[in-house]
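For reference, the structure is listed below as structure tokens.
Number of protein chains: 2
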Amino acid sequence: MSDGESAVAFAPGHVTGFFSVDTGATEAAVASGSRGAGVALSAGVTVTVTRAENTGVVLNGTPTEIASVRGVLDALGVTARVTAETPLPLGAGFGVSGATALAAALAANEVFGCGCSENELVQVAHVADAEAGTGLGDVVAQARGGLPVRVEPGAPPHGSLDGVPASGRIEYVSFGGLSTSDVIGGETDALSAAGADALAALRADPTVAEFVAASRRFARAAGLVDAAVADAIAAVQAAGGEAAMAMLGRTVFALGTGLSDAGYDAASCAIHHGGASLR
Amino acid sequence: MSDGESAVAFAPGHVTGFFSVDTGATEAAVASGSRGAGVALSAGVTVTVTRAENTGVVLNGTPTEIASVRGVLDALGVTARVTAETPLPLGAGFGVSGATALAAALAANEVFGCGCSENELVQVAHVADAEAGTGLGDVVAQARGGLPVRVEPGAPPHGSLDGVPASGRIEYVSFGGLSTSDVIGGETDALSAAGADALAALRADPTVAEFVAASRRFARAAGLVDAAVADAIAAVQAAGGEAAMAMLGRTVFALGTGLSDAGYDAASCAIHHGGASLR
Numbered sequence: 001m002s003d004g005e006s007a008v009a010f011a012p013g014h015v016t017g018f019f020s021v022d023t024g025a026t027e028a029a030v031a032s033g034s035r036g037a038g039v040a041l042s043a044g045v046t047v048t049v050t051r052a053e054n055t056g057v058v059l060n061g062t063p064t065e066i067a068s069v070r071g072v073l074d075a076l077g078v079t080a081r082v083t084a085e086t087p088l089p090l091g092a093g094f095g096v097s098g099a100t101a102l103a104a105a106l107a108a109n110e111v112f113g114c115g116c117s118e119n120e121l122v123q124v125a126h127v128a129d130a131e132a133g134t135g136l137g138d139v140v141a142q143a144r145g146g147l148p149v150r151v152e153p154g155a156p157p158h159g160s161l162d163g164v165p166a167s168g169r170i171e172y173v174s175f176g177g178l179s180t181s182d183v184i185g186g187e188t189d190a191l192s193a194a195g196a197d198a199l200a201a202l203r204a205d206p207t208v209a210e211f212v213a214a215s216r217r218f219a220r221a222a223g224l225v226d227a228a229v230a231d232a233i234a235a236v237q238a239a240g241g242e243a244a245m246a247m248l249g250r251t252v253f254a255l256g257t258g259l260s261d262a263g264y265d266a267a268s269c270a271i272h273h274g275g276a277s278l279r
Numbered sequence: 001m002s003d004g005e006s007a008v009a010f011a012p013g014h015v016t017g018f019f020s021v022d023t024g025a026t027e028a029a030v031a032s033g034s035r036g037a038g039v040a041l042s043a044g045v046t047v048t049v050t051r052a053e054n055t056g057v058v059l060n061g062t063p064t065e066i067a068s069v070r071g072v073l074d075a076l077g078v079t080a081r082v083t084a085e086t087p088l089p090l091g092a093g094f095g096v097s098g099a100t101a102l103a104a105a106l107a108a109n110e111v112f113g114c115g116c117s118e119n120e121l122v123q124v125a126h127v128a129d130a131e132a133g134t135g136l137g138d139v140v141a142q143a144r145g146g147l148p149v150r151v152e153p154g155a156p157p158h159g160s161l162d163g164v165p166a167s168g169r170i171e172y173v174s175f176g177g178l179s180t181s182d183v184i185g186g187e188t189d190a191l192s193a194a195g196a197d198a199l200a201a202l203r204a205d206p207t208v209a210e211f212v213a214a215s216r217r218f219a220r221a222a223g224l225v226d227a228a229v230a231d232a233i234a235a236v237q238a239a240g241g242e243a244a245m246a247m248l249g250r251t252v253f254a255l256g257t258g259l260s261d262a263g264y265d266a267a268s269c270a271i272h273h274g275g276a277s278l279r
């Protein structure tokens, strides 16, 4: 909805279960990123974009520099006040930077009449998130919704997506953050090999159960599981549930009531069937 | 949601504003269909699939033969009782056959553990709808949601989709049906030329206003507008609104409160941001 001065858009959160870094056939950020799979969450980011002389971002009431959002507004050639609200933890593997960038792109396009299609806005946000070093695949997943499988990296029309049929409640608990740029800025060959194995397994058996199992195998192979995360995953499984780690954060997500059944004080939401959209 | 015996899925309705028939690069139905654009509707079809020895379909309480649904179950190699509920008029351009086929595919995959990905289920439903002669593009649009633009025909990975950023209320009124197979089974060159023009115009200006304007131009060029449809579109425009005709039906859809502002007793729903999904 837009009154000409401001517009509101929403993008779902997204937890990646496994991934492999892929710079694609070219060096262009729009055609590169990551393969992998994750879950879009009904808990996301609601963004209001308002015309302003200078660009500024306020996240949950606090002025915050979000490089991906600044990248989007620069690419669209506009300046605006961006107000973002989210219940999600920051820097903990929920794709908040990507969601904020994508929702800002949709809302800014509406306010300023940029005349972009949705694919073009996804491209702008994907490139901004990648160039900011905050995400390599969240944006394309957040534009799709559901349980997106990133078969080929990059924004449309470069990338290729599929999905695992899925529905229902998701719970999560976060013990803190991991730096995306520290992990994906380092040596990624072993990590990407584990991600490629997980993707092949999921494509052969595109079910929610295999998604969670492949994600657990990936996190262990990548050496990213610390004690708190390992304990939570084990506790959920001991209680008869299914859980894995969110990439990249010290965050555990579970199907259904997995974490609360295991005694954790978990936040809950649902698999979000739609992608980002104007409100 | 599935209890092992039955599962429920939902697919949005879809009104096509304009289209061109395209058999694609090959004869294969999976890679052919139509280009065009339309709107996914929050009014859709909710389908329950239950294990049964013989396949039967009940639509809004009445046993009904829906060839696209039978095609889906045959392709998946299962037999089931399919119960579909929809508030949408039948045979009037809302893509009920496509929505029922797609939701049935999602629910049957869940009940019978077919192990298909979402793209595979879209392929199955798209081919079944095309082979039944009831739709050439609804299914791929209903799998995406929003205001889908069918840039290249066919199911994924063959087809290519974009979207017009859009949100808000949609109203519709139907004066009766048009036979999809009568229109697309005849001479389609002039119709497809008008559709190609509309698609080019929308891709150059991917806005809701241009979508409705291009759809009106298409309907007139295709010679499909009768007096009742023409009157309704004119009345909405006279009242300051925007409306066009749904392909293929004697149906008018309008943005916001366009039809009720013009004095019509219209049904209302919203642009549905997500695609078809398990419930």
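Chains as they are written, first to last, in the UniProt record's numbering: chain A, 1 to 279; chain B, 1 to 279.
Where a beta carbon is used, it is the ideal one built from N, C-alpha and C, also for glycine.
| said: Let me see if you follow: with CB-CB separation under 9 Å, is R150 of chain B close to chain D or not? | reply: Judged by its chain identifiers, the structure shown contains no chain D, and its protein chains are A and B.
| Does the region 76 to 83 of chain B come within contact of the region 131 to 150 of chain B, defined as at least 3 CB pairs closer than 8 Å? | Output reads no: the region 131 to 150 of chain B does not touch the region 76 to 83 of chain B.
| request: Return the CA-CA distance between A221 of chain B and A194 of chain B, expressed in angstroms with no decimal places. | output: Reading the second sequence from its first residue, position 221 is the one you call residue 221 of chain B. Reading the second sequence from its first residue, position 194 is the one you call residue 194 of chain B. One C-alpha to the other measures close to 6 Å.
| Proximity to N54 of chain A [Cα-Cα], best of A:V47, A:G61, A:G77 | In the first sequence, counting from the first residue as 1, residue 54 of chain A sits at position 54. Ranking A:V47, A:G61, A:G77 by Cα distance to N54 of chain A puts A:G77 first.
| Supposed close pair A29 of chain B, V127 of chain B - CB separation, criterion 8 Å | Stepping through the second sequence from its first residue, residue 29 of chain B is reached at position 29. Stepping through the second sequence from its first residue, residue 127 of chain B is reached at position 127. A Cβ-Cβ distance of about 5 Å is found for the pair A29 of chain B and V127 of chain B, placing them in contact under the 8 Å criterion.
| task | Compare the C-beta of L121 of chain B against all C-beta atoms of chain A and say whether one is closer than 9 Å. | result | Locating residue 121 of chain B in the second sequence gives position 121, counting from the first residue. Among the residues facing chain A, L121 of chain B is included, as its CB has a counterpart in that chain under 9 Å away.
| Alpha-carbon to alpha-carbon, G4 of chain B and residue 280 of chain A | Since the first residue shown for chain A is 1 and the last is 279, residue 280 of chain A is missing from the structure and cannot be characterised.
| Along chain A, in chain order, which residues have C-beta atoms closer than 9 Å to that of V164 of chain B? | As a working note, residue 164 of chain B is residue 164 in the second sequence. S117, E118, listed in chain order.
| field | T188 of chain B (DSSP reduced to helix, strand or coil) | value | Mapped onto the second sequence, residue 188 of chain B falls at position 188. Three-state DSSP puts T188 of chain B in coil, outside helix and strand.
| Assigned exposure category for P63 of chain A - 16 Cβ within 10 Å defines buried | The residue given as residue 63 of chain A occupies position 63 in the first sequence. Label assigned to P63 of chain A: exposed.
| message | So, with DSSP's three-state summary, where would you put V47 of chain A? | response | Taking the first sequence and counting its residues from 1, the one referred to as residue 47 of chain A is at position 47. Residue state, collapsed to three classes: strand.
| Taking C-beta to C-beta, are A43 of chain A and T86 of chain A nearer than 9 Å? | To locate residue 43 of chain A, count along the first sequence from 1; it is residue 43. To locate residue 86 of chain A, count along the first sequence from 1; it is residue 86. The criterion of a C-beta distance shorter than 9 Å is satisfied by A43 of chain A and T86 of chain A.
| Who are the neighbours of S42 of chain B on chain A, taking C-beta pairs under 8 Å? | Position 42 of the second sequence, counted from the first residue, corresponds to residue 42 of chain B. Identification of chain A residues near S42 of chain B by a Cβ-Cβ cut-off of 8 Å yields none; the smallest Cβ-Cβ distance measures about 11 Å.
| message | Is there a C-beta anywhere in chain A that falls below 9 Å from the one on E5 of chain B? | response | Taking the first residue of the second sequence as position 1, residue 5 of chain B is located at position 5. Residue-level contact check: E5 of chain B does not touch chain A, since none of the beta carbons of chain A fall below 9 Å from its beta carbon.
| message | Assuming A244 of chain B is part of the beta strand (DSSP E), what are its boundary residues? | response | What you label residue 244 of chain B is simply residue 244 of the second sequence in a count that begins at 1. Segment 243 to 246, the beta strand (DSSP E) holding A244 of chain B.
| message | List, from N- to C-terminal side, the alpha helix (DSSP H) runs of 4 residues or more that fit wholly inside the region 135 to 202 of chain A. | response | Those alpha helix (DSSP H) runs which fall completely within the region 135 to 202 of chain A and span 4+ residues are 138 to 144, 180 to 185.
| query | If you check the beta carbons only, do V45 of chain A and G13 of chain A fall under 9 Å apart? | reply | Looking up residue 45 of chain A in the first sequence gives position 45. Looking up residue 13 of chain A in the first sequence gives position 13. At the C-beta level, V45 of chain A and G13 of chain A come within 9 Å of one another.
| task | Could you say which of B:Y264, B:Q237, B:R150 lies nearest to E118 of chain A if we only look at CA atoms? | result | Walking along the first sequence from the start, residue 118 of chain A turns up at place 118. In terms of Cα proximity to E118 of chain A, the closest of B:Y264, B:Q237, B:R150 is B:R150.
| With 9 Å set as the bound, which would you pick, yes or no: does the beta-carbon of S268 of chain A sit closer than that to a beta-carbon of chain B? | Working through the first sequence from its first residue, we reach residue 268 of chain A at position 268. Residue-level contact check: S268 of chain A does not touch chain B, since none of the beta carbons of chain B fall below 9 Å from its beta carbon.
| query | Is the number of C-beta pairs between the region 258 to 277 of chain A and the region 104 to 122 of chain B that are closer than 8 Å three or more? | reply | Judged by Cβ distances under 8 Å, the region 258 to 277 of chain A makes no contact with the region 104 to 122 of chain B, as fewer than three pairs qualify.
| message | Please report the straight-line C-alpha distance between A235 of chain A and A262 of chain A, rounded to a whole angstrom. | response | Along the first sequence, one-based indexing puts residue 235 of chain A at 235. Along the first sequence, one-based indexing puts residue 262 of chain A at 262. Rounded to whole angstroms, the separation of the alpha carbons of A262 of chain A and A235 of chain A is 6 Å.
| V58 of chain A - containing beta strand (DSSP E), residue span | Within the first sequence, the letter at position 58 stands for residue 58 of chain A. Element bounds for V58 of chain A: 56 to 59.
| How is V252 of chain A classed by DSSP in three states: helix, strand or coil? | Working through the first sequence from its first residue, we reach residue 252 of chain A at position 252. When secondary structure is reduced to three states using DSSP, V252 of chain A falls in the strand class.
| Listing by chain order, which chain A residues have their CB less than 9 Å from the CB of T207 of chain B? | Within the second sequence, numbered from 1, the residue matching residue 207 of chain B stands at position 207. Within 9 Å Cβ-Cβ: G113, G115.
| said: Which residues in chain A have a C-beta closer than 7 Å to the C-beta of residue 290 of chain B? List them in chain order. | reply: Nothing in the structure corresponds to residue 290 of chain B, since chain B is present only between 1 and 279.
| query | Whole-angstrom Cβ separation of G93 of chain B and A246 of chain B, contact assumed at under 8 Å? | reply | As a working mapping, residue 93 of chain B is identified with position 93 in the second sequence. As a working mapping, residue 246 of chain B is identified with position 246 in the second sequence. G93 of chain B to A246 of chain B, Cβ: 3 Å. Contact.
| request: Using a Cβ cut-off of 7 Å, pull out every chain B residue sitting near E110 of chain A, in sequence order please. | output: Within the first sequence, numbered from 1, the residue matching residue 110 of chain A stands at position 110. Ordered by position in chain B, the residues that pass the 7 Å Cβ test against E110 of chain A are P165.
| Nearest-angstrom Cβ-Cβ length linking V96 of chain B and L102 of chain B, presumed shorter than 8 Å | As a position in the second sequence, residue 96 of chain B is number 96, starting the count at 1. As a position in the second sequence, residue 102 of chain B is number 102, starting the count at 1. With a contact defined as Cβ atoms closer than 8 Å, V96 of chain B and L102 of chain B miss out at about 11 Å.
| Is it the case that the Cβ atoms of A11 of chain B and L106 of chain B are separated by a distance below 9 Å? | In the second sequence, counting from the first residue as 1, residue 11 of chain B sits at position 11. In the second sequence, counting from the first residue as 1, residue 106 of chain B sits at position 106. With contacts defined by Cβ atoms closer than 9 Å, A11 of chain B and L106 of chain B form a contacting pair.
| Residues in its own chain within less than 8 Å of L224 of chain B by CB, not counting five upstream and five downstream? | Position 224 of the second sequence, counted from the start, is the residue given in the question as residue 224 of chain B. Only L178, V183, M245, M247, L248 meet the Cβ criterion.
| message | Ignoring anything shorter than 3 residues, give me the beta strand (DSSP E) runs that lie fully in the UniProt domain "GHMP kinase N-terminal" (74 to 146) of chain B, in order along the chain. | response | Taken in chain order, the unbroken stretches of beta strand (DSSP E) that lie wholly in the UniProt domain "GHMP kinase N-terminal" (74 to 146) of chain B and span 3 residues or more are 80 to 85.
| Can you tell which of B:G133, B:E171, B:D162 has the C-alpha that lies nearest to the C-alpha of G258 of chain B? | On the second sequence, residue 258 of chain B is found 258 positions in, with the first residue counted as 1. The alpha carbon of G258 of chain B has as its nearest neighbour, out of B:G133, B:E171, B:D162, the alpha carbon of B:E171.
| message | Using a Cβ-Cβ distance cut-off of 9 Å, determine whether L278 of chain A contacts chain B. | response | Residue numbering aside, residue 278 of chain A sits at position 278 when the first sequence is read from its first letter. Contact of L278 of chain A with chain B is assigned, a C-beta pair being separated by under 9 Å.
| field | Rounded separation between G159 of chain A and A238 of chain B - CA only | value | As a first step, residue 159 of chain A must be located in the first sequence, where it is residue number 159. As a first step, residue 238 of chain B must be located in the second sequence, where it is residue number 238. Cα-Cα distance, rounded: 44 Å.
| query | Assuming A232 of chain B and V208 of chain B make a contact with CB atoms under 8 Å, what is their CB distance in whole Å? | reply | Here residue 232 of chain B is taken as the residue at index 232 of the second sequence, counted from 1. Here residue 208 of chain B is taken as the residue at index 208 of the second sequence, counted from 1. No, A232 of chain B and V208 of chain B are not in contact; Cβ-Cβ is about 19 Å, not under 8 Å.
| message | My assumption, with CB atoms under 8 Å, is that A125 of chain A sits in contact with G146 of chain A. Please give the rounded CB distance. | response | If you number the first sequence from 1, residue 125 of chain A lands on position 125. If you number the first sequence from 1, residue 146 of chain A lands on position 146. At roughly 18 Å, the Cβ-Cβ gap does not stay under 8 Å, so A125 of chain A and G146 of chain A are not in contact.
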